[in-house]
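Chemist: All letters in the sequence shown, in the order written, are residues 6 to 223 by UniProt numbering.
Please read through the structure below; I'll follow up with questions.
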Amino acid sequence: DIKGFTFDLDGVITDTAKFHEQAWKQTAEEVKTPWSDQLAADLKGISRMDSLEMILKAGNHEKSYSHEEKVALADQKNKKYQQLIKQLTPADILPGMEKLLNDLKSAGYQMSLASASKNAPGILKQLGISDYFKGIVDPATLHAGKPDPEIFVRAGEILGFRAEEMIGLEDAPAGIKSIKGAGQTALGIGPATKTAVPDLYFDNTAEVSLAAIKERMA
Ligand code: BG6
Ligand code: MG
């Protein structure tokens, strides 16, 4: 029986994935890495420093920057990102997601957050939905980011259920891999997740509901 849900944030609960992309695109321009849809897709769900490394590598210049320069580039990206998310309000919750959180809560399920983003606690506050979550994994304490299973294992530990009793929600292939590695049921949202073969699939957030999930789990 399913008892809990482990949520990704960016691209699942709110459309901040587009702001991450916009900010990273600027970094790519600065380090002269050609931008592509593939690179943008590969960056989804990946931690801040790992994302920067991927951008440098895509331009073949991971060796051209010192550690300090890399930290400065990552800081710059985060400042740009924080500028872009300043205006986030509850109206920016993706279609269907507040109803889902509400329905899950009413039905007695527990929720935790498995976001790679250090900005996640602030974003939940801006969206007005912090109270739905029993806890948030602090990505600064992880040894490895998505696709490693650690973040979803930790999100599961917050809830205290067995892996088979939890469903993880993700919009990124790296996240689907992480959920599956943690032994939870992987719910993928959007065509990009298909490459990682989610256990349950929905085209968009509007189609994700407790009723639909129950139907597909039956
Ligand atoms: C993930 C996003 O949720 O968080 C990534 O999908 C982002 O795009 C990562 O790089 C880290 O976010 P932050 O806010 O800590 O830089
Ligand atoms: Mg995401």
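Here a beta-carbon is modelled for each residue, glycine too, at the ideal position from N, C-alpha and C.
1. Out of curiosity, what's the CA-to-CA distance linking glutamine 81 and leucine 192?
2. When you get a sec, list the residues whose CB is within less than 7 Å of any heavy atom of the ligand MG, chain order please.
3. Going by DSSP, name the residue or residues bridged to phenylalanine 10.
4. Strictly by DSSP, which residues pair up with alanine 191?
5. Is isoleucine 98 helix, strand or coil when you go by DSSP?
6. When you compare each of Met54, Asp208, Ala119 and Pro196 to alanine 46 by their alpha carbons, which one comes out closest?
7. Compare the beta carbon distance of leucine 215 and aspartate 108 with 8 Å and say whether it is the shorter of the two.
8. How far does the beta strand (DSSP E) with tyrosine 206 in it reach, from first residue to last?
9. Taking Cβ positions, are aspartate 13 and alanine 119 nearer each other than 8 Å?
10. Any chance you could list the alpha helix (DSSP H) runs of at least 4 consecutive residues sitting entirely within the stretch 19 to 62, in chain order?
11. How many angstroms separate the CA atom of glutamate 155 from the CA atom of glutamate 170?
12. Could you name the residues that DSSP lists as bridge partners for glycine 140?
13. Can you tell which of Asp153, Asp97 and Glu35 has the C-alpha that lies nearest to the C-alpha of isoleucine 51?
14. Is there contact here, the stretch 141 to 153 with the stretch 123 to 131, by at least three beta-carbon pairs under 8 Å?
Modeler: So, from the data block:
1. Counting from 1 along the sequence shown, the entry for residue 81 is found at position 76. Counting from 1 along the sequence shown, the entry for residue 192 is found at position 187. Cα-Cα distance, rounded: 33 Å.
2. Asp13, Leu14, Asp15, Gly16, Val17, Ala22, Lys49, Gly50, Glu175, Asp176, Ala177 and Gly180
3. For the purposes of this step, residue 10 is identified with residue 5 of the sequence shown, where counting begins at 1. DSSP output for phenylalanine 10 lists Met116 and Ile172 as bridge partner(s).
4. The residue you call residue 191 lines up with position 186 of the sequence shown. The partner list for alanine 191 (beta bridge, DSSP) reads Gly173.
5. As a working mapping, residue 98 is identified with position 93 in the sequence shown. Strand, per DSSP.
6. Here residue 46 is taken as the residue at index 41 of the sequence shown, counted from 1. Residue Pro196 is the option with its Cα nearest to alanine 46.
7. Here residue 215 corresponds to residue number 210 of the sequence shown, with the count starting at 1. Here residue 108 corresponds to residue number 103 of the sequence shown, with the count starting at 1. Cβ atoms of leucine 215 and aspartate 108: closer than 8 Å.
8. Counting from 1 along the sequence shown, the entry for residue 206 is found at position 201. Element bounds for tyrosine 206: 205 to 207.
9. Along the sequence shown, read from residue 1 onward, the residue named residue 13 stands at position 8. Along the sequence shown, read from residue 1 onward, the residue named residue 119 stands at position 114. Cβ atoms of aspartate 13 and alanine 119: closer than 8 Å.
10. 22 to 35 and 42 to 48
11. Start at 1 with the first residue of the sequence shown, and residue 155 comes out as number 150. Start at 1 with the first residue of the sequence shown, and residue 170 comes out as number 165. Whole-angstrom Cα-Cα distance: 17 Å.
12. The residue you call residue 140 lines up with position 135 of the sequence shown. Its beta-bridge partners are Ser117.
13. Numbered from 1 along the sequence shown, position 46 holds the residue referred to as residue 51. Ranking the options by Cα distance to isoleucine 51, first place goes to Asp153.
14. yes
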